[in-house]
Each structure stands twice: as C-alpha cells, then as structure tokens.
Amino acid sequence: QKRQSNLDAFFGLK
Amino acid sequence: MFEARLANGNIFKMIVESIRELVVDVNIDCSTEELSIQCMDSAHVALVSMSLSQSAFDHFRCDRSLSLGLNLPNVSKIFKMMGRDDTMVLKAEDSADKLMLMFENDKSGTIADFELKLMAIEAEQLGVPDTAYKCSISMPSSEFQRIVRDLQVMGDTCKISCTKEGLKFSATGQIGTGNILMRQNVASEKEEDHVTIDMEEPVELNFALRYLNFFTKATPLSPTVILKMSPGLPIVIEYPIEQLGHVKYYLAPKMEE
Chain A
1 QKRQSNLDAF
11 FGLK
Chain B
1 MFEARLANGN
11 IFKMIVESIR
21 ELVVDVNIDC
31 STEELSIQCM
41 DSAHVALVSM
51 SLSQSAFDHF
61 RCDRSLSLGL
71 NLPNVSKIFK
81 MMGRDDTMVL
91 KAEDSADKLM
101 LMFENDKSGT
111 IADFELKLMA
121 IEAEQLGVPD
131 TAYKCSISMP
141 SSEFQRIVRD
151 LQVMGDTCKI
161 SCTKEGLKFS
171 ATGQIGTGNI
181 LMRQNVASEK
191 EEDHVTIDME
201 EPVELNFALR
211 YLNFFTKATP
221 LSPTVILKMS
231 PGLPIVIEYP
241 IEQLGHVKYY
251 LAPKMEE
C-alpha cells in the first residue's frame, strides 16, 4: 500500500 | 490601473479550464512582466504554477502589481459567454475590488462586458526550489492524456519509471496490471509526435492517477507535455503555451508504507 505524501514536505512555505 | 488585451481570448479560457477543478479560489498576480498563478489544491498534494507573459497580449498595462482574487468556477461560467474568436480585455483599478472582463467579436462587432467582484484570498507563497531533474521527457500531450485515461481503468496509482528501456507507465488493481512502455521516437516528420527521453539516472515514482487526470485538462493548451522527475521528489508536468508562458503542475509522490 502506498501513502500519499504532500508538497509541504518538499516545498517550504516562504 | 491594470489593463490587458488578448486577441486570442481562447488561450485564457483554456488556462482557466485547465486548473479550475484543481484550485478553486486563486489570486491572479499581475506584474509588469506577466500574469501568474501559484496555488496548491486543498489537500496540498498538487501545486499549479501558471505564467502568461505580457508579450502574449496586444496591449498590457500594469501600473502597480496587483493580486486579483477570483473564484475560478465563476470565471469559467463567464468564459462560457465568450466566442471562440473573441478578443478578451481584462481591466481593474489599482484599488482592485472588481475585475472587468470584456469579450469583443470583431466580425459581428458585439461587445459583452462582465464585472466580477474580487475576493481577498490569503495566498501562501511557496518556495518551489529550482531542481536539476534526473529525467526529462517530452511527449505528445494527447498520448499522455490517453495513457492516464486508460490506466485509470486498472487502478488508482500510476508507477512512472524512466529507464534506458524507455518510459513505462504501470497501474495495478483488482482486475490486474497494465503497463505502457514508450520509447524515444524522434524519427516521425511531425515534431509534435516526437518522444524525447533525457535520462541522467533511472527514476521510478508512484502517483495518484486522479491528479494526473486533472492535469490532462491542460491538453488543449499544448501539443506537447514535458515530464520532469528525480528520485523521491514531486514530478513536474509542464504544458508550454507556445513561447508565451506555461501551465505547470507539481505532484507529490505516493511513498511505500
């Protein structure tokens, strides 16, 4: 089973 | 005062149609250089990054950078009243609380004008790092649309792997597994049919087909689509708009539990 990651982990909020 | 005139208003309509199911309330940021949108979907799984250069417009005036807060489904309803060949004019005062949209049909001489109330949308600006991707693939956008549509039958997750064999799309579900392998093809005369695969190192990532399917709404904007991948990073799916701009989608991968 694969878990959906989200972009906050990759793109820092400015 | 912001005022922009686009002879081929249909381009802007297609941009709205390509993102309105993914991001609902967005700020269209107007600067002297371009109109741009950067917005994540509500789940923060996908990011839309759109840019349309001032050079796309026959007339472009932006005295002061503005953010036009709009509800895209409402904007889409207004564009249903624009004729295919209409010129589109956007206009807003600096104290922007409303946006004027005008559609001019040169042949019939009719002019339709609409006024949309603007919304104050809290925009979280994201730092999207510039990445040197390990794999970059350019392929016909209609081909990518067909692959995504076909694989949705097989399951909800698409494994995209780029190896020296080529680019493989796979999906597994209740009824079984489907694989579509694309190889480099620069032989066909029509540039638009070319598949070019630049692979620095093999990459294999998993993505939700539901999101990939949303992204293919941008297919009418560009005959080609560019996929960029690096191990463990979000994929970038770019639809160039001639030399005038682009609609880019970033999608976070699905990780092994």
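For the protein sequence lines, the chains are A and B, in the order given. Quick note: the first sequence uses this note's numbering, first residue 1, plus one each step. Quick note: the second sequence uses this note's numbering, first residue 1, plus one each step. Yeah, the Cβ is synthetic: ideal placement off N, Cα and C, and Gly gets one too.
Taking only the alpha-carbon atoms, compute the straight-line gap between residue i and residue j and give it to the nearest angstrom.
i: residue 158 (chain B); j: residue 170 (chain B); result: 5 Å
i: residue 30 (chain B); j: residue 172 (chain B); result: 43 Å
i: residue 10 (chain A); j: residue 208 (chain B); result: 17 Å
i: residue 256 (chain B); j: residue 166 (chain B); result: 23 Å
i: residue 150 (chain B); j: residue 174 (chain B); result: 15 Å
i: residue 220 (chain B); j: residue 14 (chain B); result: 7 Å
i: residue 118 (chain B); j: residue 222 (chain B); result: 29 Å
i: residue 5 (chain A); j: residue 213 (chain B); result: 18 Å
i: residue 95 (chain B); j: residue 242 (chain B); result: 33 Å
i: residue 60 (chain B); j: residue 111 (chain B); result: 19 Å
i: residue 62 (chain B); j: residue 55 (chain B); result: 13 Å
i: residue 86 (chain B); j: residue 92 (chain B); result: 20 Å
i: residue 103 (chain B); j: residue 192 (chain B); result: 31 Å
i: residue 77 (chain B); j: residue 160 (chain B); result: 35 Å
i: residue 12 (chain B); j: residue 251 (chain B); result: 23 Å
i: residue 152 (chain B); j: residue 187 (chain B); result: 30 Å
i: residue 197 (chain B); j: residue 210 (chain B); result: 24 Å
i: residue 189 (chain B); j: residue 140 (chain B); result: 13 Å
i: residue 146 (chain B); j: residue 180 (chain B); result: 11 Å
i: residue 114 (chain B); j: residue 65 (chain B); result: 22 Å
i: residue 215 (chain B); j: residue 105 (chain B); result: 30 Å
i: residue 168 (chain B); j: residue 162 (chain B); result: 6 Å
i: residue 4 (chain B); j: residue 239 (chain B); result: 22 Å
i: residue 67 (chain B); j: residue 32 (chain B); result: 12 Å
i: residue 8 (chain B); j: residue 81 (chain B); result: 15 Å
i: residue 231 (chain B); j: residue 178 (chain B); result: 23 Å
i: residue 57 (chain B); j: residue 1 (chain A); result: 48 Å
i: residue 97 (chain B); j: residue 201 (chain B); result: 50 Å
Could you check whether residue j and residue i sit closer than 9 Å to each other, using their CB atoms as the reference points?
i: residue 2 (chain B); j: residue 126 (chain B); result: no
i: residue 133 (chain B); j: residue 236 (chain B); result: yes
i: residue 35 (chain B); j: residue 70 (chain B); result: no
i: residue 136 (chain B); j: residue 227 (chain B); result: yes
i: residue 7 (chain A); j: residue 148 (chain B); result: no
i: residue 3 (chain A); j: residue 164 (chain B); result: no
i: residue 206 (chain B); j: residue 84 (chain B); result: no
i: residue 138 (chain B); j: residue 195 (chain B); result: yes
i: residue 25 (chain B); j: residue 121 (chain B); result: yes
i: residue 128 (chain B); j: residue 184 (chain B); result: no
i: residue 79 (chain B); j: residue 17 (chain B); result: yes
i: residue 131 (chain B); j: residue 233 (chain B); result: yes
i: residue 218 (chain B); j: residue 28 (chain B); result: no
i: residue 101 (chain B); j: residue 88 (chain B); result: yes
i: residue 199 (chain B); j: residue 176 (chain B); result: no
i: residue 203 (chain B); j: residue 229 (chain B); result: yes
i: residue 47 (chain B); j: residue 75 (chain B); result: no
Distance cutoff 9 Å, beta carbons only. Does residue i sit that close to anything in chain D?
i: residue 246 (chain B); result: In the displayed structure, chain D is absent; the protein chains listed are A and B.
So, do the segment 242 to 250 of chain B and the segment 45 to 64 of chain B have three or more beta carbon pairs nearer to each other than 8 Å?
yes
Runs of alpha helix (DSSP H) wholly within the segment 171 to 225 of chain B (minimum 4 residues, chain order)
Entirely contained in the segment 171 to 225 of chain B, the alpha helix (DSSP H) runs reaching 4 residues are, in chain order, 209 to 215.
Below 8 Å between beta carbons is the criterion; list the residues of the segment 33 to 48 of chain B that meet it against any residue of chain A, in chain order.
Correct list: 40, 43, 44, 45, 46 and 47.
Complete runs of the beta strand (DSSP E) confined to the segment 6 to 47 of chain B [at least 3 residues]
As for any beta strand (DSSP E) of minimum length 3 sitting wholly inside the segment 6 to 47 of chain B, the runs are 25 to 30 and 34 to 40, ordered along the chain.
Chain A contacts from the segment 97 to 120 of chain B (Cβ-Cβ distance under 9 Å):
none
Which runs of the beta strand (DSSP E), 3 residues or longer, sit entirely within the segment 33 to 121 of chain B?
34 to 40, 46 to 53, 59 to 62, 66 to 71, 87 to 92, 98 to 104 and 111 to 117
When you check each C-beta in the segment 123 to 152 of chain B against every C-beta of chain A, which residues fall closer than 8 Å?
Residues are counted here when their Cβ sits less than 8 Å from a Cβ of chain A; for the segment 123 to 152 of chain B these are 124, 125, 126, 127, 128 and 129, given in chain order.
Short-range partners of chain A found in the segment 225 to 243 of chain B, where Cβ spacing is below 7 Å
Cβ contacts with chain A: 233 and 234.
May I ask you to list, following chain order, the residues of the segment 195 to 207 of chain B that have a beta carbon less than 7 Å from some beta carbon of chain A?
Answer in chain order: 206.
Identify each residue in the segment 162 to 175 of chain B for which the Cβ-Cβ distance to at least one residue of chain A is less than 8 Å, and report them in chain order.
none
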